[in-house]
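Q:
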Amino acid sequence: MAVSRNDVLAALDQVIDPVSGRSVVQQDMVQGLVVRDGHVGFALEVDDNRGREAEPLRLAVEAAAKAVPGVLSVTAVLTAHDGAPSDHHSHDHGHSHSGGHSAAPPPPRQAPTGPTGVEGVKHIIAVASGKGGVGKSTVAVNLALSLSKLGLKVGLLDADIYGPSVPRLLDITTKPETTDGKRILPIEKYGIKSMSLGFIIREDEAAIWRGPMVQSALMQFINQVNWAPLDVLVLDMPPGTGDAQLTITQRVAMAGAVIVSTPQDIALIDARKAIAMFGKVQVPILGIVENMSMFVCANCGHEHPIFGHGGARATAETVGAPFLGEIPLVLKIRELSDLGTPIAVAEPVGPEAAAFMAVAKKVATALETTQRAAPKIVLE
Ligand code: ADP
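Per our numbering, the very first residue in the sequence shown carries number 99; after that it's consecutive.
Next comes the structure, spelled out in structure tokens:
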């Protein structure tokens, strides 16, 4: 028998919030409930001042939902962020805060503080694209590894919650550990630290998550993972320019963004949308990378401009952004990616690794020289 939302809500209604003495459902703490094919996901919203103390309650609601006949998996995420600006300040959160919270007096509301950084992390950069499939994750991973080869301490956060690629690209199958139930230890491989939702849950579980849960998980990965000390934290952004992407750029203090595009006009139109999105929140564009630039035939060694060539450089000129370089379309890049041995480490002296290294050097130089202006959020 298929599980319905009401079945789950009825079960959750039995869980009493110890602070208010009322059920979590009456207290309006369950947000964004999704039930699909037996998979259940929701956010448990608590006041900021409760923070992690609400973890036992989160476990209780998770257990209650799991006990419903027919439920296969449950993901309950706490929406309270320590150190980060409160969700209550967010204007695009997509769910209501009316009602509830009446028993515990709400903490004094502060003015929005703007995006936050991470202590001990010098620069956070986004690797973004206007659309999927252009090689954004491939570039993010090889860029992170190349920056590490330059002697920088590098972290890689897979912010593409709906389609996490980092577990596959770095061939990581172990689950991250936690020191005290609060801080998460990133997984270290090939000299960089990394974190991905794909390390923790199955892909189809994340697919049912809604905005608030995704944002909450991402902010946890930014604020509660032991990244420090790092010179650069590379964010492999979700593809596209929707609300999720915009929210990340508003909430995380980024030093800049690297835009990945293939050379065709159609891809470049989307790349320009991504550039515009970062412009809205005044995140500098570190530059544009042209991926799948030239096909280099493994047999004859000749170059073929399968998707065209030079389009990204021309776009960079038009929009006044730096051009960071071209990554050729090479079968080996795909094959090594699939094996979880990125070309930057698998064949570090080849021309492809050199192409990624050239991009990394430009990014590193830009980070050294760009002093980030105080971010100013532009709301529309
Ligand atoms: P995105 O993150 O933009 O969705 P991916 O990085 O997952 O894109 O790349 C999509 C596919 O293209 C993957 O199979 C990847 O291995 C392959 N790919 C990416 N860049 C190249 C390249 N330069 N040469 C060959 N294959 C590539």
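C-beta atoms are modelled at their ideal positions from N, C-alpha and C, and glycine is treated no differently. Since we're looking at a predicted model, the values are computed, not measured.
What's the call for H179, buried or exposed, on a 16-neighbour Cβ count within 10 Å?
A: Here residue 179 refers to the residue found at position 81 when the sequence shown is read from its first residue. Here the model assigns H179 a pLDDT of 49, short of 50, so the residue's position is not dependable and the matter cannot be decided.
Q: Would you kindly work out how many angstroms separate the C-alpha atoms of G175 and Q348, rounded to a whole number?
A: For the purposes of this step, residue 175 is taken as residue 77 along the sequence shown, with counting starting at 1. For the purposes of this step, residue 348 is taken as residue 250 along the sequence shown, with counting starting at 1. Here residue 175 turns out to be Val, not Gly, going by the sequence shown. If you take the alpha carbons of V175 and Q348, they lie about 21 Å apart.
Q: Between which residues of its own chain and L243 is the CB-CB distance below 8 Å, once the five residues before and five after are set aside?
A: As a working note, residue 243 is residue 145 in the sequence shown. Taken in chain order, the residues that qualify are V252, Y288, G289, I290, P440, A442, V443 and F454.
Q: When you compare each of R150, P167, E445 and G230 to P480 by their alpha carbons, which one comes out closest?
A: Look at the range of the chain in this structure, 99 to 478, and you will see that residue 480 is not part of it.
Q: Can you give, in chain order, each stretch of the beta strand (DSSP E) that sits fully within the segment 382-458 and has at least 3 residues?
A: Runs of the beta strand (DSSP E) inside the segment 382-458: 383-394 and 421-427.
Q: Say yes only if the C-beta of K371 is nearer than 7 Å to one or more non-hydrogen atoms of the ligand ADP, and no if none qualify.
A: Translated into positions along the sequence shown, residue 371 becomes position 273. No - the ligand ADP has no heavy atom lying nearer than 7 Å to the Cβ of K371.
Q: Which one of A351, H137, P361 and V461 has the shortest CA to CA distance from L422?
A: Within the sequence shown, numbered from 1, the residue matching residue 422 stands at position 324. Comparing Cα-Cα distances from L422 to each of A351, H137, P361 and V461, the minimum goes to V461.
Q: Take A315 and list the residues in its own chain whose beta-carbon comes closer than 7 Å to its own, dropping the five residues that flank it on each side.
A: Residue 315 sits at position 217 when you count from the first residue of the sequence shown. Around A315: V175, I259 and L295.
Q: Would you call K234 buried or exposed, if buried means 16 or more other Cβ atoms sit within 10 Å of its Cβ?
A: Start at 1 with the first residue of the sequence shown, and residue 234 comes out as number 136. Flag for K234 reads buried.
Q: Less than 8 Å separating the beta-carbons of R372 and T339?
A: Against the sequence shown, residue 372 aligns to sequence position 274. Against the sequence shown, residue 339 aligns to sequence position 241. Per the sequence shown, the amino acid found at residue 372 is Ala instead of Arg. Their beta carbons are under 8 Å apart, which means A372 touches T339 by this criterion.
Q: Would the C-beta of N389 count as close to the ligand ADP, meaning under 7 Å from any of its heavy atoms?
A: Position 291 of the sequence shown, counted from the first residue, corresponds to residue 389. Indeed, a heavy atom of the ligand ADP lies less than 7 Å from the Cβ.
Q: Considering only C-alpha positions, which residue in the set A452, C395 and D363 is nearest to A412?
A: As a position in the sequence shown, residue 412 is number 314, starting the count at 1. Looking at the Cα atoms, D363 is the closest of the given residues.
Q: Less than 8 Å separating the beta-carbons of E303 and S171?
A: Here residue 303 corresponds to residue number 205 of the sequence shown, with the count starting at 1. Here residue 171 corresponds to residue number 73 of the sequence shown, with the count starting at 1. Yes, they are a contact pair.
Q: Quick one: using the 10 Å Cβ neighbour count with 16 as the cut-off for buried, is L283 buried or exposed?
A: By 1-based counting over the sequence shown, the position of residue 283 is 185. L283 is exposed by the Cβ-count criterion.
Q: S244: beta carbon under 7 Å from a heavy atom of the ligand ADP?
A: For this step, residue 244 is matched to residue 146 along the sequence shown. No, the ligand ADP has no heavy atom inside 7 Å of this Cβ.
Q: Quick check on the burial criterion: 16 or more other C-beta atoms within 10 angstroms. Buried or exposed for P167?
A: For this step, residue 167 is matched to residue 69 along the sequence shown. Classification of P167: exposed, given that the 10 Å Cβ count is below 16.
Q: Starting from M293, follow its DSSP beta bridges and name the residues at the other end.
A: For this step, residue 293 is matched to residue 195 along the sequence shown. The partner list for M293 (beta bridge, DSSP) reads L255.
Q: Cβ of P426 versus every heavy atom of the ligand ADP: is any distance shorter than 7 Å?
A: Counting from one through the sequence shown, the residue named residue 426 turns up at place 328. Checking every heavy atom of the ligand ADP against the Cβ of P426, one is found closer than 7 Å.
Q: Check whether the segment 261-270 and the segment 390-404 are in contact - that is, three or more C-beta pairs closer than 8 Å.
A: The answer is no - the segment 390-404 does not touch the segment 261-270, with fewer than three Cβ pairs under 8 Å.
Q: Measuring straight from C-alpha to C-alpha, what distance separates A464 and L384?
A: Your numbering for residue 464 matches position 366 in the sequence shown. Your numbering for residue 384 matches position 286 in the sequence shown. Approximately 7 Å, taken between the alpha carbons.
Q: By how many angstroms is the C-alpha of E151 removed from the C-alpha of A451?
A: What you label residue 451 is simply residue 353 of the sequence shown in a count that begins at 1. What you label residue 151 is simply residue 53 of the sequence shown in a count that begins at 1. For A451 and E151, the distance between alpha carbons rounds to 46 Å.
Q: Using the DSSP secondary-structure output, state which residues sit across from T173 in a beta bridge.
A: Here residue 173 is taken as the residue at index 75 of the sequence shown, counted from 1. Answer is G139.
Q: On the CB-based measure, 16 or more other CB atoms within 10 Å of its CB, does N389 come out buried or exposed?
A: What you label residue 389 is simply residue 291 of the sequence shown in a count that begins at 1. Buried, since its Cβ has 16 or more Cβ neighbours within 10 Å.
Q: So does I431 have its beta carbon nearer than 7 Å to some heavy atom of the ligand ADP?
A: What you label residue 431 is simply residue 333 of the sequence shown in a count that begins at 1. Yes, since a heavy atom of the ligand ADP falls inside the 7 Å radius drawn around the Cβ of I431.
Q: Output needed for E424: all residues of its chain with C-beta closer than 6 Å, excluding positions within five of it in sequence on either side, in chain order.
A: Here residue 424 refers to the residue found at position 326 of the sequence shown. Answer for E424: E388 and S391, listed in chain order.
Q: Report yes if the C-beta of V232 is less than 7 Å from at least one heavy atom of the ligand ADP; otherwise report no.
A: Here residue 232 refers to the residue found at position 134 when the sequence shown is read from its first residue. Yes.
Q: Return the CA-CA distance between T271 and A257, expressed in angstroms with no decimal places.
A: Here the question's residue 271 lines up with position 173 in the sequence shown. Here the question's residue 257 lines up with position 159 in the sequence shown. Answer to the nearest angstrom: the Cα atoms are 18 Å apart.
Q: Just curious, the alpha helix (DSSP H) that G309 is in, first and last residue?
A: In the sequence shown, the residue the question calls residue 309 occupies position 211. Start and end: G309 to N321.
Q: Is Q232 near S359, with beta carbons less than 8 Å apart?
A: The count along the sequence shown starts at 1 and reaches residue 232 at position 134. The count along the sequence shown starts at 1 and reaches residue 359 at position 261. It is worth fixing the name first, because residue 232 is Val in this sequence and not Gln. The answer is yes: Cβ separation under 8 Å.
Q: With a threshold of 7 Å (Cβ to nearest heavy atom), would S118 be considered close to the ligand ADP?
A: The residue given as residue 118 occupies position 20 in the sequence shown. No; taking the cut-off as 7 Å, the Cβ of S118 has no heavy atom of the ligand ADP nearer than that.
Q: Going by alpha carbons, who is nearest to V144 out of V138, H137, D135 and D126?
A: The count along the sequence shown starts at 1 and reaches residue 144 at position 46. Of V138, H137, D135 and D126, the residue nearest in Cα terms is D126.
Q: Hey, out of P420, P449, L437 and P274, whose CA is closest to L427's CA?
A: By one-based count along the sequence shown, residue 427 stands at place 329. The shortest C-alpha separation from L427 is found at P449.
Q: Please classify Q343: does DSSP put it in a helix, a strand, or coil?
A: On the sequence shown, position 245 is the one that residue 343 refers to. Of the three classes helix, strand and coil, the one that applies to Q343 here is helix, per DSSP.
Q: Return the chain-ordered list of same chain residues with a C-beta closer than 7 Å to the C-beta of V133, the five sequence neighbours on each side being excluded.
A: The count along the sequence shown starts at 1 and reaches residue 133 at position 35. Excluding residues within five positions, the ones whose Cβ falls inside 7 Å are V101, S102, R103 and V106.
Q: Would the C-beta of P337 count as close to the ligand ADP, meaning under 7 Å from any of its heavy atoms?
A: Residue mapping note: residue 337 aligns to position 239 of the sequence shown, counting from 1. Yes, since a heavy atom of the ligand ADP falls inside the 7 Å radius drawn around the Cβ of P337.
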